[in-house]
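Worksheet: one structure, shown below.
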Amino acid sequence: MNPLAKELNETIEQNSPVLYNMLSDLGKSIYYPKGILSQSGEAKSTKYNATIGMATTEEGIMYTDALYNQFGDQDPSDIFPYAAPQGNERLRELWQQKILSDNKELNENQISKPIVTNALTHGLSLAGDLFVNANDTVLLPEHNWGNYKLTFGVRHGSQIETYKSFEDDGSFTLEHFKNTLENYNKEKVILVLNFPNNPTGYTPNADEVGEMVSAIEKLANKGTKVVALVDDAYYGLFFEDVYTQSIFTAITNINHENIMPVKIDGATKEYFAWGFRVGFLTFGHQNEKVKEALIAKLKGLIRSNLSSCALPSQTAIVHAMEDPSFQSQVDHNIQILKERYEVTKEVAYRKAYLELWTPYAFNSGYFMSVRVHDVDADKLRLHLIEKYNIGIIALNNTDIRIAFSCIEKLDIEHVFDAIASAIKDLK
Ligand SMILES: Cc1ncc(COP(=O)(O)O)c(C=O)c1O
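My numbering puts the sequence shown at residues 1294 to 1720.
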């Protein structure tokens, strides 16, 4: 093993032996090399800096006007150079402040500085690199974001197991989650928690979060090492009285050596910046040396897959977050989604549709899902495209997902009415 990896592992093992055993084989062997980036960093203040594969003039970074003109009044040095593998420092600070301001029960010592990722998919994949070995168990709710299967199942070779989160009548339940954890008897588990949930649009309330956290704590007390990956893609899009901090906070506050909370979040959905590819990964740990070692390993993982994330996107998010009117612009969009949510809620549960579908409980996010009765979900999907000009997602044989985030408020009734007609056509 490389001596730098050994050094990081020793730091982690000495300060948090259980955490060391949670790392995957790749997580153990990865390190941040004293290579070009490190050497170039050390040479930053030299007069003749001939270290890195960029091009400079006496005035600064070399660039072309045609590209520069796309970026308004930004400084070229905030656009053209490579970003650091861990991301722009100002952006990391701003995001850390955001996390702390959204999560009042969390303090700075409990978390690492967020590391910039190429949005959430990359963050999840990096977390998988660090913690998931082939044949480890990844526990997911039955209704989950389909890409987890690729990331954790295919890419990392884990065994994916699921538990139900909804009763037959569509109401949310924790019974299966609690039973699954109670009966779990392996040494390690990777729990992926995602609220507001894709595809159902459900976020638990404070009591439900309490129950979840207590089930996780019991599992950890039994000796299982729990890596809790919290996917906060839709954080902040809450439309009812739900738990509005991240469940990452509640889990971090258990402060249990057998639990490693990791928060994955970003600008993608929260800031309506899907294509910017700006996300973050934050560790929930108190020990400064451990945090440093984990960050070094994450830098190594980033360096080894995409080197560093795009600087113009990071600069854009920094400027937006520093713009005093930004949050009210975000809130304006959230308000539009909330109004769509309210109409969707009223329409989806109408008596006339009771025999056609059962909605799964929803209160947040971009989506809602229903279980359709007596028709195949994919046939329904295709029929809706062909006859009604409507696109929805078939999740499996019975369930469809509707992104009310993409339907104007005044069109929602029409869309549900057309889905009802389409179901009747196919029955
Ligand atoms: C639950 C969930 N997590 C992560 C992502 C991916 O986000 P990103 O586009 O930032 O990679 C999505 C996108 O659809 C999602 O629904």
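Idealized CB from N, CA, C, for every residue including glycine.
Beta strand (DSSP E) containing residue i: first to last residue?
i: Thr1575; result: 1572 to 1576
i: Pro1652; result: 1650 to 1652
i: Ser1662; result: 1660 to 1665
i: Asn1487; result: 1481 to 1487
i: Gly1611; result: The identity of residue 1611 in the sequence shown is Val, whereas the question assumes Gly. Looking at the DSSP string, Val1611 is not in any beta strand (DSSP E); the run it does join, the alpha helix (DSSP H), is 1604 to 1615.
i: Asp1524; result: 1518 to 1524
Around the Cβ of residue i, are there at least 16 other Cβ atoms within 10 angstroms (buried) or fewer (exposed)?
i: Ile1693; result: buried
i: Met1614; result: buried
i: Tyr1341; result: exposed
i: Thr1517; result: buried
i: Gln1622; result: exposed
i: Cys1699; result: exposed
i: Asp1318; result: exposed
i: Glu1563; result: buried
i: Lys1584; result: buried
i: Asp1624; result: exposed
i: Thr1493; result: buried
i: Gln1403; result: buried
i: Val1708; result: buried
i: Ser1464; result: exposed
What is the rounded straight-line gap between the Cα of residue i and the Cα of residue j?
i: His1612; j: Lys1391; result: 14 Å
i: Ala1560; j: Asp1462; result: 34 Å
i: Ile1509; j: Leu1673; result: 39 Å
i: Leu1522; j: Asp1358; result: 43 Å
i: Tyr1634; j: Gly1529; result: 14 Å
i: Leu1413; j: Thr1339; result: 36 Å
i: Glu1306; j: Val1555; result: 18 Å
i: Ile1544; j: Gln1620; result: 27 Å
i: Val1502; j: Asn1308; result: 29 Å
i: Asp1710; j: Ile1372; result: 48 Å
i: Ala1713; j: Arg1570; result: 37 Å
i: Ile1483; j: Pro1434; result: 12 Å
i: Pro1378; j: Ile1345; result: 14 Å
i: Ile1540; j: Asn1362; result: 42 Å
i: Ile1408; j: Gly1380; result: 6 Å
i: Tyr1495; j: Leu1688; result: 16 Å
DSSP three-state call for residue i: helix, strand or coil?
i: Phe1532; result: coil
i: Ala1288; result: This structure gives no information on residue 1288, because the portion of the chain shown stretches from 1294 to 1720.
i: Asp1692; result: strand
i: Ala1420; result: helix
i: Thr1410; result: strand
i: Ser1539; result: coil
i: Lys1584; result: helix
i: Ile1323; result: coil
i: Pro1554; result: strand
i: Ile1509; result: helix
Could you check whether residue j and residue i sit closer than 8 Å to each other, using their CB atoms as the reference points?
i: Arg1383; j: Lys1406; result: no
i: Ile1705; j: Thr1637; result: yes
i: Tyr1441; j: Val1485; result: yes
i: Val1663; j: Lys1720; result: no
i: Thr1473; j: Leu1432; result: yes
i: Tyr1324; j: Asn1295; result: yes
i: Ser1418; j: Thr1444; result: yes
i: Ser1370; j: Ile1354; result: yes
i: Lys1590; j: Gly1320; result: yes
i: Tyr1681; j: Ala1641; result: no
i: Gly1245; j: Asn1437; result: Any answer about residue 1245 is impossible in this case: the structure gives the chain only from 1294 up to 1720.
Hey, quick one: how far does the alpha helix (DSSP H) through residue i stretch, first residue to last?
i: Thr1430; result: First-last for Thr1430: 1430 to 1434, but that is the beta strand (DSSP E), not the alpha helix (DSSP H).
i: Val1640; result: 1619 to 1641
i: Ile1712; result: 1705 to 1719
i: Asp1368; result: First-last for Asp1368: undefined, no H or E at that position.
i: Gln1390; result: 1382 to 1395
i: Glu1454; result: Element bounds for Glu1454: not the alpha helix (DSSP H) but the beta strand (DSSP E), 1452 to 1456.
i: Ala1560; result: 1560 to 1563
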